[in-house]
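Reviewing the structure listed below.
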Amino acid sequence: MALAPEQVTALRNLARKKQGHDVDWINIADARGLTELGLAERGRTGWIITAAGEAELLAYERG
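Heads up: the sequence shown begins at 1 in the UniProt record's numbering, then just goes up one per residue.
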């Protein structure tokens, strides 16, 4: 799947957030785009990376 650089950055931030790290601001448009792709979802605490999002990020990082 081809993601825009901004979407990759948002995925990285969401992955770090899930690990309990402080993260930079996440652009709502990027997060919504990830949600439409099933890579993120909106929860009570904000945007959350999904298992599909983690897999996509891992595949992207591996090249």
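C-beta atoms are modelled at their ideal positions from N, C-alpha and C, and glycine is treated no differently.
Quick caveat, the model's predicted, so the values are computed rather than measured.
(request) Could you please give me the residues that DSSP links to Gly20 through a beta bridge? (result) None; Gly20 has no bridge partner.
(message) Please report the distance separating the alpha-carbon of Glu36 from that of Thr50.
(response) Their backbone Cα atoms lie some 12 angstroms apart in a straight line.
(request) Tell me, please, which residues DSSP counts as bridged to Trp47. (result) Its beta-bridge partners are Arg42.
(request) Pick helix, strand or coil for Asn13, following the three-state DSSP scheme. (result) Reduced to three states, the DSSP call for Asn13 is helix.
(request) Please name the residue in Trp25, Leu14, Asp22 and Val23 whose C-alpha comes closest to that of Gly43. (result) Residue Leu14 is the option with its Cα nearest to Gly43.
(message) Using only the alpha-carbon positions, how far apart do Ala31 and Arg62 sit?
(response) Answer to the nearest angstrom: the Cα atoms are 22 angstroms apart.
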